[in-house]
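Heads up: the structure comes next, in structure tokens.
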Amino acid sequence: MKQFIQKAFLPIVIITSLLLSACAVSTNSSMVSTSEATTQSTASASTNEKPNENPPDGEKPEGKPPDGGKPSGNSPDGNQSDGSSSDASSYNFSGTYTVDGNSESQSGQTYTATATDQSAVYVINGGKLTLQNITITSSGDSSSSDASSFYGLNAGVLATSGSSIDLSDSNVTTTGDGANGVFATGEGSTITIADTTIDCSGQYAHAVMATQGGVLNVTNVDMNTAGASSGAIATDRGSGTINVTGGTVRTSGSGSPGIYSTGNITVSGTDIAANGSEAAVIEGSNSITLNDVTLTSSYDNFKGVMIYQSMSGDAEGSEGIFTMTGGSLSYTGTNGPLFYITNASAAINLNAVNITVASNILLKAATDRWGTEGSNGGNATLTADDQVLSGDFLADSISSLAVVLKNGSSLTGAINPDGAAQSAALTLDATSIWTVTADSHLTTLEDSAGISGTSISNVIGNGFTVTYDADANPSLGGLTYTLSGGGTLTPAQ
1210 MKQFIQKAFL
1220 PIVIITSLLL
1230 SACAVSTNSS
1240 MVSTSEATTQ
1250 STASASTNEK
1260 PNENPPDGEK
1270 PEGKPPDGGK
1280 PSGNSPDGNQ
1290 SDGSSSDASS
1300 YNFSGTYTVD
1310 GNSESQSGQT
1320 YTATATDQSA
1330 VYVINGGKLT
1340 LQNITITSSG
1350 DSSSSDASSF
1360 YGLNAGVLAT
1370 SGSSIDLSDS
1380 NVTTTGDGAN
1390 GVFATGEGST
1400 ITIADTTIDC
1410 SGQYAHAVMA
1420 TQGGVLNVTN
1430 VDMNTAGASS
1440 GAIATDRGSG
1450 TINVTGGTVR
1460 TSGSGSPGIY
1470 STGNITVSGT
1480 DIAANGSEAA
1490 VIEGSNSITL
1500 NDVTLTSSYD
1510 NFKGVMIYQS
1520 MSGDAEGSEG
1530 IFTMTGGSLS
1540 YTGTNGPLFY
1550 ITNASAAINL
1560 NAVNITVASN
1570 ILLKAATDRW
1580 GTEGSNGGNA
1590 TLTADDQVLS
1600 GDFLADSISS
1610 LAVVLKNGSS
1620 LTGAINPDGA
1630 AQSAALTLDA
1640 TSIWTVTADS
1650 HLTTLEDSAG
1660 ISGTSISNVI
1670 GNGFTVTYDA
1680 DANPSLGGLT
1690 YTLSGGGTLT
1700 PAQ
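Add 1209 to the 1-based position in the sequence shown for our numbering, that's all there is to it.
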């Protein structure tokens, strides 16, 4: 609302006229502002591009706060900020069934929540609850998407303040916006879930979520989310730890990854598919570790896995770690990269993973809408161990990339083919091979086992030229080397 300052000594008639005019202007201005805000919010929710090739400019990954501001659209994690900055004490938490500080056990019961901000099961103050063969339903909306994502407001099942819940052989269904399925928040708060189904159909409704140091241990659980900004396995502000074994994960909403990490998430033997977003997203200095997982993203123009820093305050630092051993990683979109790094550094570790990339872009590091312009590129190191890779590595002028091939790994593709990268490095051991598919441009090459005289045996050139920075590679002596299969390694001009 605008403020109007009245000057003294003006005739009363003039003052009255000015006041009436100012009031009208203020009212009209307020109405226009509200209308514009509503239009922007609606557009962001419908676009929900978070991890699109271009992360929309909305929330976390759906929008892009170009200058470090919080994106105004939807984030890849499925959380959309409502602009609220209040803490948990500002909200009225309640549960249809509440356990406060004591220990209880229930079997064969049904708990239903219908009111705004109400959980079906709520355990607080160090309470302990064991639930078996339980039906849990929630239909109410949250009054704040931030409070839902940060503190678990309106979650179907909620454990806070050092409480614990053991849930098995049950069904959890939520239909409201901001209605997460199962939520653990606060140090010492732990939820164990086994042989259960979790279905969430509203917006900003994750299947399982941990924040503020909460812990979730999930075994043989089938998780499904259908709304926008509803990543299935997710952490948010204050970090959290989630361990998942077995089960399935399906997300269909825009900006709803299978996994969204602002903490530490480990998944083993789970089948995960995201149909409207990236398969997995890491924000800040956090991690995702996958063992024998099937991870798939099929939405065109997005990315397979995104590592970034939104500057929203949801995650500290900017060094994400993605580690995958065994299993399969598939991105069937035809335009985006398998890995996308922006406004962050990334360590990507792959060991014996079956990889499919329809776009033929394995990794791209580039500036986007988050961070400070000019210093918001990506810095990526991909280490391949006993790994087969096929596709290109790309980076823009403020981004860098490094590729490490070891223990019988192979890469078929180009590295920095357009020469745009700030730097591009390749390291090969004696057992690994790079098959070049287009002219490439390296800053540094470490390949002591493959170089003999002026020939290189473990780089198959196919007639292409690979350049290197002579100043950054004194051991290469500024010489031109012959590549196996034709082609040369030569100093950049």
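Ideal placement from N, C-alpha and C gives every residue a C-beta, glycine not left out.
Rounded separation between Ala-1322 and Ala-1419 - CA only: Translated into the one-based positions of the sequence shown, residue 1322 becomes position 113. Translated into the one-based positions of the sequence shown, residue 1419 becomes position 210. Spanning the two alpha carbons is a distance of roughly 21 Å.
Helix, strand or coil at Thr-1699 according to DSSP, with G and I counted as helix: As a first step, residue 1699 must be located in the sequence shown, where it is residue number 490. Looking at Thr-1699 - three-state DSSP - the assignment turns out to be strand.
Residues that Asp-1595 bridges to, as DSSP identifies them: Numbered from 1 along the sequence shown, position 386 holds the residue referred to as residue 1595. Beta-bridge pairing links Asp-1595 to no other residue.
Beta-carbon gap between Phe-1359 and Arg-1446 smaller than 7 Å: Stepping through the sequence shown from its first residue, residue 1359 is reached at position 150. Stepping through the sequence shown from its first residue, residue 1446 is reached at position 237. Their beta carbons are under 7 Å apart, which means Phe-1359 touches Arg-1446 by this criterion.
Opposing strand residues paired with Ser-1353 [DSSP bridges]: Residue 1353 sits at position 144 when you count from the first residue of the sequence shown. The partner list for Ser-1353 (beta bridge, DSSP) is empty, contrary to what the question assumes.
C-alpha gap between Pro-1274 and Ile-1474, whole angstroms: For the purposes of this step, residue 1274 is taken as the residue at position 65 of the sequence shown. For the purposes of this step, residue 1474 is taken as the residue at position 265 of the sequence shown. With a pLDDT of 37 at Pro-1274, under the threshold of 50, the modelled position of this residue cannot be trusted; read the value that follows with caution. Computed Cα separation, rounded: 26 Å.
For Ser-1479, the nearest candidate out of Ser-1619, Gly-1423, Val-1430, Asp-1678 (CA to CA): Here residue 1479 corresponds to residue number 270 of the sequence shown, with the count starting at 1. Looking at the sequence provided, one finds Thr at residue 1479 rather than Ser. When only C-alpha atoms are compared, the closest one is Val-1430.
Short Cβ contact (7 Å threshold) for Gly-1536 with Val-1502: Taking the first residue of the sequence shown as position 1, residue 1536 is located at position 327. Taking the first residue of the sequence shown as position 1, residue 1502 is located at position 293. Yes, the pair counts as a contact, with Cβ atoms nearer than the cut-off.
Straight-line gap, Asn-1563 to Tyr-1306 (C-alpha atoms, nearest Å): Here the question's residue 1563 lines up with position 354 in the sequence shown. Here the question's residue 1306 lines up with position 97 in the sequence shown. Approximately 46 Å between the Cα atoms of the pair.
Val-1424 - containing beta strand (DSSP E), residue span: As a first step, residue 1424 must be located in the sequence shown, where it is residue number 215. Start and end: 1423 to 1434.
Environment of Leu-1340 [buried if 16+ CB atoms lie within 10 Å]: Here the question's residue 1340 lines up with position 131 in the sequence shown. Buried, by the Cβ-count rule.
Continuous beta strand (DSSP E) stretch holding Asp-1408: start and end: On the sequence shown, position 199 is the one that residue 1408 refers to. Unbroken beta strand (DSSP E) run through Asp-1408: 1399 to 1409.
For Arg-1459, the residue or residues it bridges with in DSSP: Mapped onto the sequence shown, residue 1459 falls at position 250. For Arg-1459, which the question treats as bridged, DSSP gives the partners Asn-1433, Ala-1482.
Span of the beta strand (DSSP E) around Ala-1604: For the purposes of this step, residue 1604 is taken as residue 395 along the sequence shown, with counting starting at 1. 1601 to 1604 is the extent of the beta strand (DSSP E) around Ala-1604.
Pairwise C-alpha distance: Leu-1504 and Ala-1623: As a working note, residue 1623 is residue 414 in the sequence shown. As a working note, residue 1504 is residue 295 in the sequence shown. Their Cα atoms are separated by approximately 25 Å.
Where Ser-1297 falls: helix, strand or coil (DSSP): Residue mapping note: residue 1297 aligns to position 88 of the sequence shown, counting from 1. Sequence check: residue 1297 is Ala here, not Ser. Three-state result, Ala-1297: helix.
Between the CA atoms of Leu-1598 and Thr-1541 - distance to the nearest angstrom: Translated into positions along the sequence shown, residue 1541 becomes position 332. Translated into positions along the sequence shown, residue 1598 becomes position 389. In a straight line, the C-alpha of Thr-1541 is about 16 Å away from that of Leu-1598.
Rounded separation between Ser-1357 and Thr-1444 - CA only: For the purposes of this step, residue 1357 is taken as residue 148 along the sequence shown, with counting starting at 1. For the purposes of this step, residue 1444 is taken as residue 235 along the sequence shown, with counting starting at 1. Ser-1357 and Thr-1444: Cα-Cα distance of roughly 12 Å.
Three-state secondary structure (DSSP) of Ser-1284: Indexing the sequence shown from 1 puts residue 1284 at position 75. No answer about Ser-1284 holds up, because its pLDDT of 48 lies below 50 and its placement is not dependable.
Cβ pair Leu-1572, Ala-1589 closer than 7 Å: Along the sequence shown, read from residue 1 onward, the residue named residue 1572 stands at position 363. Along the sequence shown, read from residue 1 onward, the residue named residue 1589 stands at position 380. Contact: yes.
Residues sharing a beta bridge with Phe-1392, DSSP: By one-based count along the sequence shown, residue 1392 stands at place 183. DSSP, once it has assigned bridges, lists Leu-1367, Met-1418 as partnering Phe-1392.
Helix, strand or coil at Phe-1511 according to DSSP, with G and I counted as helix: Indexing the sequence shown from 1 puts residue 1511 at position 302. If DSSP states are grouped into helix, strand and coil, Phe-1511 belongs with the strands.
Coil, strand or helix - Tyr-1360 by DSSP: For the purposes of this step, residue 1360 is taken as residue 151 along the sequence shown, with counting starting at 1. Reduced to three states, the DSSP call for Tyr-1360 is helix.
Classification of Pro-1683 by the beta-carbon crowding that lies within 10 angstroms, buried from 16 upward: Position 474 of the sequence shown, counting from 1, holds the residue named residue 1683. By the neighbour-count rule (16 or more Cβ atoms within 10 Å), Pro-1683 is not buried but exposed.
Rounded Cβ spacing between Ala-1524 and Asn-1495 (contact assumed at less than 8 Å): Taking the first residue of the sequence shown as position 1, residue 1524 is located at position 315. Taking the first residue of the sequence shown as position 1, residue 1495 is located at position 286. Sure, about 6 Å apart at Cβ, within 8 Å.
For Leu-1651, the three-state DSSP class (helix, strand or coil): Residue mapping note: residue 1651 aligns to position 442 of the sequence shown, counting from 1. Three-state DSSP puts Leu-1651 in coil, outside helix and strand.
Residue span of the beta strand (DSSP E) that contains Thr-1319, given as start and end: Counting from 1 along the sequence shown, the entry for residue 1319 is found at position 110. Note, Thr-1319: beta strand (DSSP E), 1319 to 1322.
Inter-residue Cα distance where the pair is Ile-1400 and Thr-1691: Counting from 1 along the sequence shown, the entry for residue 1400 is found at position 191. Counting from 1 along the sequence shown, the entry for residue 1691 is found at position 482. So the alpha carbons of these two residues sit roughly 59 Å apart.
Check whether Asp-1350 and Gly-1385 have beta carbons under 7 Å apart: Residue numbering aside, residue 1350 sits at position 141 when the sequence shown is read from its first letter. Residue numbering aside, residue 1385 sits at position 176 when the sequence shown is read from its first letter. Contact: yes.
Reference Ser-1649; option with closest CA among Ser-1506, Asp-1678, Ala-1488, Lys-1512: Numbered from its first residue, the sequence shown carries residue 1649 at position 440. Comparing Cα-Cα distances from Ser-1649 to each of Ser-1506, Asp-1678, Ala-1488, Lys-1512, the minimum goes to Asp-1678.
Own chain, CB closer than 6 Å to Ser-1619, minus 5 neighbours either side, in chain order: Taking the sequence shown and counting its residues from 1, the one referred to as residue 1619 is at position 410. Cβ within range, chain order: Val-1597, Ile-1642.
Limits of the beta strand (DSSP E) - the one that Trp-1643 falls within: Residue 1643 sits at position 434 when you count from the first residue of the sequence shown. Start and end: 1642 to 1645.
Endpoints, the beta strand (DSSP E) within which Ser-1303 is located: By 1-based counting over the sequence shown, the position of residue 1303 is 94. From DSSP, the beta strand (DSSP E) with Ser-1303 extends over 1303 to 1309.
Span separating the alpha-carbon of Tyr-1469 from that of Ser-1298: On the sequence shown, residue 1469 is found 260 positions in, with the first residue counted as 1. On the sequence shown, residue 1298 is found 89 positions in, with the first residue counted as 1. For Tyr-1469 and Ser-1298, the distance between alpha carbons rounds to 26 Å.
Those residues which DSSP pairs with Leu-1685 across a bridge: Working through the sequence shown from its first residue, we reach residue 1685 at position 476. None; Leu-1685 has no bridge partner.
Collapsed DSSP secondary structure at Gln-1631 in the structure displayed: Along the sequence shown, one-based indexing puts residue 1631 at 422. Three-state result, Gln-1631: coil.
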